[in-house]
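Protein chains: 2
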Amino acid sequence: MSETSEQPERISDAEHAVMEALWRRSPLTAQEVCDEVCGPRGWSLATVKTLLSRLVVKQALATEPDGKRFLYSPRIARSDYVGTESRRLVDRLFGGRAAPLFAHLARAEALTQDDIAEIEALLKELKS
Amino acid sequence: MSETSEQPERISDAEHAVMEALWRRSPLTAQEVCDEVCGPRGWSLATVKTLLSRLVVKQALATEPDGKRFLYSPRIARSDYVGTESRRLVDRLFGGRAAPLFAHLARAEALTQDDIAEIEALLKELKS
DNA sequence: CGTAGTCGATTACGTATGTAGACGATGGAG
DNA sequence: CTCCATCGTCTACATACGTAATCGACTACG
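Going down the list, the protein sequences come from chains V and C.
Numbered per the numbering used here, the first sequence spans residues 279 to 406.
Numbered per the numbering used here, the second sequence spans residues 279 to 406.
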């Protein structure tokens with residue numbers, strides 16, 4: 279019984295931006311991650327390094343030495359992250375049921391015809 | 279031009295629990311809010327008072343004096359809150375498109391037949 | 001072999017958040 | 001009129017987060 283019941287630590291907003299870069303492409307060095315995110319967010323390399331360290335502590339990233347520096351890669355799948363975050367929202371705001379969320383989005387988001395078609399196809403698949 | 283371009287301040291997790299109580303029923307006194315949420319969350323009255331104050335500062339709650347104490351009521355509609363939070367999630371995780379979120383939920387959440395029927399009805403309505 | 005650039009690690013610091021105790025005003029009971 | 005229960009406010013404090021500078025180690029260039 280390894281008594282390390284690691285329920286995954288929460289990933290903050292800024293940290294999430296770093297994760298996205300690494301989900302797009304990995305492994306990357308700190309510098310490369312910065313190339314991806316520093317521009318858009320107006321961050322310095324130092325900031326990215328801090329975020330990377332924190333993500334490693336949170337076990338969200340794995341490191342692999344590459345000569346003098348590290349290569350970082352995600353340790354959790356994007357789909358898992360998306361799953362828990364979506365679930366959190368649905369639980370907090372829609373009593374745990376996905377349908378009301380969808381209803382809300384449908385009304386508020388002005389789905390395109392393509393969106394609607396996509397969803398209908400999905401429903402058909404689910405019903406079979 | 280009133281230069282108070284108040285983009286609504288973010289409501290934290292704990293604060294959100296308080297908002298939910300007041301969305302269910304309002305106005306309420308601090309004590310009454312505590313009756314609603316202190317049990318489930320294991321909070322003390324003091325904690326609720328702090329959260330209420332912070333929410334007032336954030337303009338999420340309005341106060342109305344009632345003798346010696348205050349009555350609190352929401353100043354923002356739940357649907358607005360739900361809207362911005364949902365939008366945040368969709369933007370962060372699904373590139374701003376609702377359909378992928380739905381696809382994810384559909385696969386991961388095991389929608390009931392009722393859910394599916396509900397959504398189909400909605401789609402029909404949207405297409406007309 | 002020394003020096004400049006680069007790397008991760010350490011330290012910093014302000015604000016937000018979770019949680020709550022202490023305090024001063026005040027209104028109602030007696 | 002006095003005293004106590006309550007109220008909101010102020011203060012407190014640990015942790016998380018956003019953002020970054022600094023520092024010691026190392027490497028590649030000259």
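Positions of the beta carbon are idealized from the N, C-alpha and C atoms, including for glycine.
- Taking C-beta atoms as the reference points, Val311 (chain C) and Leu333 (chain C) fail to come closer than 8 Å.
- For chain C, the residues of the region 384–395 of chain V that bring a beta carbon within less than 7 Å of one of its beta carbons are Ala384, Ala386, Glu387, Leu389, Asp393 and Ile394, in chain order.
- Pro378 (chain V) carries a helical assignment under DSSP once its states are collapsed to helix, strand and coil.
- DSSP, reduced to helix, strand and coil, places Glu287 (chain V) outside both helices and strands of the structure shown, so it counts as coil.
- Taking a Cβ-Cβ cut-off of 7 Å, the neighbours of Ile397 (chain V) in chain C comprise Ala377, Phe380 and Leu401, given in sequence order.
- Pairing Leu383 (chain V) with Ile354 (chain C), the inter-Cα distance amounts to about 19 Å.
- With 16 or more other Cβ atoms from the protein chains shown falling within 10 Å of its own Cβ, Pro352 (chain C) counts as buried.
- Ala308 (chain V) places its beta carbon less than 8 Å from that of Lys327 (chain V).
- At a Cβ-Cβ threshold of 8 Å, Leu349 (chain C) and Leu300 (chain C) do not count as neighbours.
- Around the C-beta of Asp393 (chain C), 16 or more other C-beta atoms lie within 10 Å, and the residue is accordingly described as buried.
- The continuous beta strand (DSSP E) containing Arg347 (chain C) extends over residues Arg347 to Pro352.
- Annotated three-state conformation of Ala399 (chain V) is helix, per DSSP.
- Taking the C-beta atoms as reference points, Ala377 (chain C) is found nearer than 8 Å to Glu396 (chain V).
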